[in-house]
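Quick note, the sequence shown lines up with residues 64 to 456 if you use our numbering. Each residue gets a CB set at the ideal place from its N, CA and C atoms; glycine is no exception.
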Amino acid sequence: MKLKRYEIENQVTYLTEDQIKAGIAKPAVKKWAYVLHDRDVKEDGTPKEPHYHVLIWLNNAYDSKYVAQWFGVQEQYIERIKSDVGAEEYLIHANAPDKFQYSHDDVQANFDIRKDVETEKKKIASSNRVSEIVNAIDRGEIRAYNVHEHITVEEYDRFKKHIDNAFQYRQKKIKGVNRNMECVYIVGESGCGKTTYAKQIASDRGFSTFVSSGTNDPLDDYEGQDCIILDDLRPSTLGLADLLKMLDNNTASSVKSRYRNKVLECKMIVITTTLPIESFFRQVFAEEEESAVQLQRRCRTLIKMDRERITFSVWQDSERKYLELAPVPNAILERFKVPERSLEDNLEFLQKTLGMTSDLIGDIRKHSKELGIEDRQISIDGFNNTQGTTPWD
64 MKLKRYEIEN QVTYLTEDQI KAGIAKPAVK KWAYVLHDRD VKEDGTPKEP
114 HYHVLIWLNN AYDSKYVAQW FGVQEQYIER IKSDVGAEEY LIHANAPDKF
164 QYSHDDVQAN FDIRKDVETE KKKIASSNRV SEIVNAIDRG EIRAYNVHEH
214 ITVEEYDRFK KHIDNAFQYR QKKIKGVNRN MECVYIVGES GCGKTTYAKQ
264 IASDRGFSTF VSSGTNDPLD DYEGQDCIIL DDLRPSTLGL ADLLKMLDNN
314 TASSVKSRYR NKVLECKMIV ITTTLPIESF FRQVFAEEEE SAVQLQRRCR
364 TLIKMDRERI TFSVWQDSER KYLELAPVPN AILERFKVPE RSLEDNLEFL
414 QKTLGMTSDL IGDIRKHSKE LGIEDRQISI DGFNNTQGTT PWD
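Here you go:
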């Protein structure tokens, strides 16, 4: 065999320290370490024959027969080093606790074995952690939106190339595969609770949620969430091909995005809009001679909302139309109704938010009472999401 790393083991009768020193003095030897095991015992408790363990690392690969000649032993006593850490730890039996434990002081070497083992173990641990992370990404357990829950910032910085490659691999892997995705179409007037109900649906299913922006690139910030809410979707946002691919219930395909096309691995897409599904279809596909059935059969659940009622409909393939079920009261607005607050509540809120002085608060209180505002119980609360809208928008 022709290798760069060798281990030699032989009894002192056949391998002396002088032979070892002659062998490690060869110019081809880059790094070396050896130890005399003279306190080992057999299973019956009798002493083993003293023997040397020698480790050498070469500048270039050499045939084992030449290495045997350097040390004056038969070639059968020359073996390859399978693991640097394992071989180095075995010099003192650190990885063999049932055997006599030697000291690092017993080892002769031209390098710091302790430091070398520690460095190699860190490399192994790092390699194992990388494998753990990329395999979790491959399985879909780690996605871009929750990467911070599984990976520390130090790991992300150190392994970023591996992480990015794993995400790209995942995108290639899921593209074109079968999927079982539901599409829900929610239509209703502004302020009837469409978005809130869409979020509630995702929450009830236990889905992570992405709410699209109102731009021409609704998937710009999508990071692999289970449910996509295309909030207040407008007919001008997407073209025919992109919308139909995005809403394909059975096949994951690449959808156009500004910087990089994305393969959606979501389990649900919810569209909220003020346009009935037929009107939406006509406006999206004004230049296309296509039937609205293409969109309807993808959006198998149709929800119509107003401030009083919610009506659910389910698409029937056999009849090519929706079966409308009995309406139920719209409890969304009542459930998320913003509680009214007294004048004092609002003054306290202003003082905390703006750092107003007590004198200024007193002036506002006085003039508010003169205007009768105290009786109106005006609320300034309720803006509890990042888009600055009321909870029922």
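Alpha carbon of residue i to alpha carbon of residue j, nearest angstrom
| i | j | result |
| --- | --- | --- |
| residue 245 | residue 361 | 8 Å |
| residue 144 | residue 281 | 56 Å |
| residue 456 | residue 260 | Summary for residue 456: the model assigns pLDDT 39, below 50, so the residue's position carries little reliability; its value from the coordinates is reported in the next sentence. Taking the straight line from one Cα to the other gives about 10 Å. |
| residue 204 | residue 242 | 17 Å |
| residue 390 | residue 357 | 26 Å |
| residue 297 | residue 326 | 22 Å |
| residue 140 | residue 64 | 13 Å |
| residue 164 | residue 111 | 15 Å |
| residue 211 | residue 220 | 12 Å |
| residue 415 | residue 225 | 46 Å |
| residue 428 | residue 406 | 8 Å |
| residue 379 | residue 198 | 41 Å |
Burial state of residue i, where buried means 16 or more other Cβ atoms lie within 10 Å
| i | result |
| --- | --- |
| residue 435 | exposed |
| residue 387 | exposed |
| residue 409 | buried |
Reference residue i, options the options, closest by Cα
| i | options | result |
| --- | --- | --- |
| residue 465 | 243, 171 and 212 | Examination of residue 465 is not possible in this model, given that the chain is present from 64 through 456 alone. |
| residue 124 | 146, 114 and 93 | 93 |
| residue 271 | 79, 333 and 220 | 333 |
| residue 247 | 213, 206, 312 and 225 | 312 |
| residue 178 | 147, 98 and 257 | 147 |
| residue 201 | 184, 189, 235 and 423 | 235 |
| residue 207 | 413, 186, 79 and 233 | 233 |
| residue 398 | 370, 156 and 209 | 370 |
| residue 106 | 99, 230 and 162 | 162 |
Check whether residue i and residue j have beta carbons under 8 Å apart
| i | j | result |
| --- | --- | --- |
| residue 359 | residue 340 | yes |
| residue 130 | residue 83 | no |
| residue 265 | residue 309 | no |
| residue 328 | residue 237 | yes |
| residue 136 | residue 71 | yes |
| residue 258 | residue 364 | no |
| residue 122 | residue 91 | yes |
| residue 256 | residue 366 | no |
| residue 166 | residue 176 | no |
Distance cut-off 7 Å: residue i Cβ against heavy atoms of the ligand NAD
| i | result |
| --- | --- |
| residue 242 | Within the structure as shown, the ligand NAD is missing, as the structure has no ligands at all. |
Same chain, Cβ closer than 6 Å to residue i, neighbours up to 5 away in sequence not counted
| i | result |
| --- | --- |
| residue 273 | 285, 288 and 291 |
| residue 101 | 113 |
| residue 67 | 121 and 124 |
7 Å Cβ shell around residue i - same chain, five flanking residues per side excluded
| i | result |
| --- | --- |
| residue 158 | 149 and 152 |
Cβ-based neighbour list, residue i, same chain, cut-off 8 Å, excluding 5 preceding and 5 following
| i | result |
| --- | --- |
| residue 337 | 250, 251, 252, 253 and 295 |
| residue 174 | 94 and 96 |
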